[in-house]
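Numbering (the numbering used here), first residue to last: 1156 to 1510.
The beta-carbon is built from N, C-alpha and C at its ideal position, and this holds for glycine as well.
Note that this is a predicted model, so its numbers are computed, not measured.
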Amino acid sequence: MIIPKNPQLTDEEFQIIKKIVNEFGCDVTPIPGETMTVYAIRGDERNELMINRLEGLPFVAKVDTIQSPYKLMDIKSELSKNRFKIAGKTPGEELIVIAGHCTIDPKNPQLFLETAHAIKEAGADVLRGGVWKPRTSPHTYQGDSKAIEILLEARDTYNIPVITEVMDEEQLEIAIASKVDMIQIGARNALNYSLLKKIGELTQFSRIPVLLKRGMHMGPVDEFICAAEYIVSHGNPNVVLCPRGTVPTINGYRNYPDECITPLLKQKTWAPVIVDPSHSVGRSIYVPHAALAAIAYGADGLIIETHIKSQEGIGDDPKQAIHPSTLAQIIEDAKPLFYNVKKYQKTYMSELQNA
Ligand code: PEP
Ligand code: MN
């Protein structure tokens, strides 16, 4: 990664750098942050001659050559200084709660609007609503682009930012054109590298936060972090990691709850962690336990399927959505826990950074 002396390179300086890295078979992508732009070298950046030539340039402060498969996501990367906000909150400083329907029912917009109102009253920061749905069976409801209008109406009516999942480039373009506040990449697409690259490219300058769910078949934690590296290396540093349960399942739960990987993620990478307890345990009665466990493990926030009348919902809602009154209780209980747990996290993170 190239760190410039000034907050960003001029076009002319960028072209000089591009020419050098191209000579060594690499490419370079600007990664704009809040206060400065860094430049990711894509490819094998360990060539000493290339590094020497880059470091010899008067406008380059340094070239970081972290030996890690996820050199940008790495806790030691310059990007650990990158800060961004979700609903006006800096992750890590305040608890962030995302709540709403698994699936927006286009036939019943009123239900979604009522939920939006109720989750805002309950203290949620961001409203979730599935427009396009990755369903296991092709015979079940697959989503409908019209539902995005309902999502936007709820945002405008209740003045709350919104997140929705996209599964392909066309949906991504619609979501970006609709100015959604956050984009979700679901478990099924967590290893769709072409889509991850495309998201990085198309959100490079807007830097819309991207919530990346952990793939349910993902093995090592590093595989998850590398998936996020695809988004960052293509231009958008504002990624959030979201454990949501994996397979094999625990008999009785939808998946194998994996909020316990949060401290590992915190040690390896700077990215905020927002846990999804809904898809992990898969039943509303277990969700408060999994949600508070996630906070105890040091998560920065929660994304919880919540519905005003879950039995009238579609998709996952009848089974796993909690009521907004339960959400309010979870938020009340989670807040003091969040601040207590951050104490422990700060200690081991500073030990790690000084190691
Ligand atoms: C969802 O959030 O409704 C969803 C489909 O999530 P996941 O990708 O984690 O299954
Ligand atoms: Mn769902």
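Inter-residue CB distance, residue i and residue j (contact presumed, cutoff 8 Å)
i     : j     : result
I1340 : K1301 : Actually they do not touch by this definition, with Cβ atoms about 22 Å apart.
D1413 : T1401 : 5 Å
R1409 : S1439 : No, R1409 and S1439 are not in contact; Cβ-Cβ is about 11 Å, not under 8 Å.
E1210 : I1158 : That belief does not hold up - the Cβ atoms of E1210 and I1158 are roughly 10 Å apart, past 8 Å.
V1215 : I1196 : Not confirmed; about 12 Å, so no contact.
P1187 : Q1359 : 7 Å
I1338 : I1354 : 7 Å
I1171 : L1227 : Actually they do not touch by this definition, with Cβ atoms about 22 Å apart.
V1387 : V1394 : 6 Å
I1463 : P1443 : Actually they do not touch by this definition, with Cβ atoms about 17 Å apart.
D1455 : G1247 : 5 Å
Contact test: residue i Cβ vs ligand 2 heavy atom, cutoff 7 Å
i     : result
G1470 : yes
C1257 : yes
H1462 : no
For residue i, the three-state DSSP class (helix, strand or coil)
i     : result
M1337 : strand
R1343 : helix
A1279 : coil
P1264 : helix
T1502 : helix
T1319 : strand
L1250 : coil
E1200 : coil
I1486 : helix
K1244 : strand
T1270 : helix
V1496 : helix
A1216 : strand
I1440 : coil
I1521 : Residue 1521 is absent from the model: the chain starts at 1156 and stops at 1510.
Contact test: residue i Cβ vs ligand 1 heavy atom, cutoff 7 Å
i     : result
G1341 : yes
H1389 : no
H1138 : Residue 1138 falls outside the range modelled here, since the chain spans only 1156 to 1510, and no answer is possible.
R1399 : yes
P1289 : yes
D1431 : yes
E1320 : yes
K1594 : The structure shown does not extend to residue 1594, since the chain is modelled only from 1156 through 1510, so no value can be given for it.
G1285 : yes
K1301 : no
K1368 : yes
Residue span of the alpha helix (DSSP H) that contains residue i, given as start and end
i     : result
D1514 : Here the chain covers residues 1156 to 1510 and nothing more, so residue 1514 does not appear.
T1220 : Run containing T1220: none; DSSP gives neither H nor E here.
T1158 : The question names Thr, but residue 1158 is Ile in the sequence shown. No alpha helix (DSSP H) contains I1158, which is instead part of the beta strand (DSSP E) from I1157 to P1159.
L1227 : Unbroken run through L1227: none, as it is neither H nor E.
N1177 : D1166 to E1178
I1477 : Careful: I1477 lies outside any alpha helix (DSSP H) and carries neither H nor E.
Q1422 : T1417 to K1423
S1235 : Careful: S1235 lies outside any alpha helix (DSSP H) and carries neither H nor E.
A1426 : Premise fails: A1426 is in no alpha helix (DSSP H) and is neither H nor E.
I1259 : From DSSP, I1259 is part of no alpha helix (DSSP H); its letter is neither H nor E.
Q1326 : E1324 to A1332
Run of the beta strand (DSSP E) containing residue i, from where it starts to where it stops
i     : result
T1184 : D1182 to P1187
T1192 : T1192 to R1197
I1469 : Looking at the DSSP string, I1469 is not in any beta strand (DSSP E), and its letter there is neither H nor E.
E1460 : G1456 to E1460
Any chain C beta carbon closer than 8 Å to residue i
i     : result
Y1494 : Absent from the structure: chain C. Only one protein chain is present.
Next item on the list: Within the segment 1353–1414, note down every full alpha helix (DSSP H) run reaching 4 residues or more, in order along the chain.
Entry: 1376–1388
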